[in-house]
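Respectively, the protein sequence lines represent chains L and D.
Going by the numbering used here, 84 is the number at position 97 of the first sequence; the sequence numbering is gapless.
Going by the numbering used here, 822 is the number at position 89 of the second sequence; the sequence numbering is gapless.
Cβ atoms here follow ideal geometry from the backbone N, Cα and C, with glycine treated the same way.
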Amino acid sequence: NAGVTQTPKFQVLKTGQSMTLQCAQDMNHEYMSWYRQDPGMGLRLIHYSVGAGITDQGEVPNGYNVSRSTTEDFPLRLLSAAPSQTSVYFCASSYSGTSASDTQYFGPGTRLTVL
Amino acid sequence: QQQVKQSPQSLIVQKGGISIINCAYENTAFDYFPWYQQFPGKGPALLIAIRPDVSEKKEGRFTISFNKSAKQFSLHIMDSQPGDSATYFCAAGRGSTLGRLYFGRGTQLTVWP
């Protein structure tokens, strides 16, 4: 059981470039989410998905696109990178949360720098 | 508008002491309140969580106290150890939609040996 995996671990982009951050989970979780973490700001939700084919916006969705064609994968796309998107990005997955033991499992993160 | 407010921003505690971190939330629809622990270079990991049907939950040295009327909850770390030094985040959300959590800004805890 690999849990939640993210690639790449580190990435440097130039302003205006595009890229896709990959996220995969092997726990058959319905829910998957993308967060960004900035110093002193905690984690802020970018987009989330409650199942294949269903996505919704979080607190800071601008500049990011997502799609979910399978239960396992939830890629995050930056169409035109900006320096303000320099951050650490975390993917997370969970069951629906109806059990007291349910929780979100986080991946190891992708550290992105936009020059 | 910040949904979850966390304090203090940083905390220094001597080994064996009690660490206390506080959080307050706005949305009365929230019914799931987890605490996450994060070490440098790692993703957050669930430490302990509570639902509003109880006022306190204890797991080992970690206790969550929950005050529904005040919309506040706190994490108490008893007998703090140097290995507890990490960043702690409180969060809140609806248990039926765990994919959508709102996080506090974090508390950096340092435990001196």
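Residue i at chain L interface by Cβ criterion, 9 Å
i: proline 767 of chain D; result: yes
i: proline 777 of chain D; result: yes
i: tyrosine 758 of chain D; result: no
i: phenylalanine 774 of chain D; result: Position check: residue 774 of chain D holds glycine in this sequence, whereas phenylalanine was assumed. So, interface residue.
i: glycine 793 of chain D; result: no
C-beta neighbour in chain D for residue i, strict 9 Å
i: leucine 13 of chain L; result: In the sequence on display, residue 13 of chain L carries aspartate and not leucine. It does not; no Cβ of chain D falls within 9 Å.
i: phenylalanine -3 of chain L; result: no
i: tyrosine 51 of chain L; result: no
i: alanine 68 of chain L; result: no
i: leucine 99 of chain L; result: no
i: glutamate 46 of chain L; result: yes
Beta-carbon contacts of residue i that lie in its chain and below 7 Å, excluding the five residues immediately before and after
i: leucine 780 of chain D; result: Trp768, Tyr769, Gln770 and Phe795
i: threonine 2 of chain L; result: Ala68, Ala69, Pro70, Val101 and Leu102
i: phenylalanine -3 of chain L; result: Arg98
i: glutamate 17 of chain L; result: Val37, Gly38, Tyr82 and Ser83
i: phenylalanine 763 of chain D; result: Ala825, Gly826 and Arg827
Spatial neighbours of residue i in its chain, beta-carbon cut-off 8 Å, leaving aside the 5 residues before and after
i: proline 777 of chain D; result: Tyr769, Gln770, Gln771 and Phe822
i: glycine -10 of chain L; result: Gln12, Asp13, Met14, Tyr92 and Gly94
Within 9 Å, strictly: CB atoms of residue i and residue j
i: arginine 64 of chain L; j: isoleucine 41 of chain L; result: no
i: leucine 66 of chain L; j: glycine 45 of chain L; result: no
i: valine 53 of chain L; j: serine 36 of chain L; result: yes
i: lysine 738 of chain D; j: arginine 838 of chain D; result: yes
i: alanine 825 of chain D; j: glutamine 736 of chain D; result: yes
i: glutamine 91 of chain L; j: leucine 834 of chain D; result: yes
i: phenylalanine 799 of chain D; j: proline 815 of chain D; result: no
i: phenylalanine 766 of chain D; j: isoleucine 783 of chain D; result: yes
Sequence-distant residues of its chain with Cβ nearer than 6 Å to residue i (five each side left out)
i: serine 788 of chain D; result: Phe799
*At a cut of 8 Å, does the segment 13 to 31 of chain L reach the segment 76 to 84 of chain L through at least three beta carbon pairs?*
Touching, yes.
*Taking three-plus beta-carbon pairs below 8 Å as touching, is the segment 769 to 778 of chain D in contact with the segment 742 to 758 of chain D?*
Taking 8 Å as the limit for Cβ pairs, the verdict is that the segment 742 to 758 of chain D does not touch the segment 769 to 778 of chain D.
*Residue ranges of each beta strand (DSSP E) within the segment -5 to 75 of chain L, 3 or longer*: Scanning the segment -5 to 75 of chain L for uninterrupted beta strand (DSSP E) segments of 3 residues or longer gives -3 to 0, 6 to 12, 18 to 25, 29 to 38, 41 to 44, 51 to 53 and 63 to 65, listed from N- to C-terminal end.
*asked:* List, from N- to C-terminal side, the alpha helix (DSSP H) runs of 4 residues or more that fit wholly inside the segment 770 to 807 of chain D.
replied: For the segment 770 to 807 of chain D, not a single whole alpha helix (DSSP H) run of length 4 or above is found.
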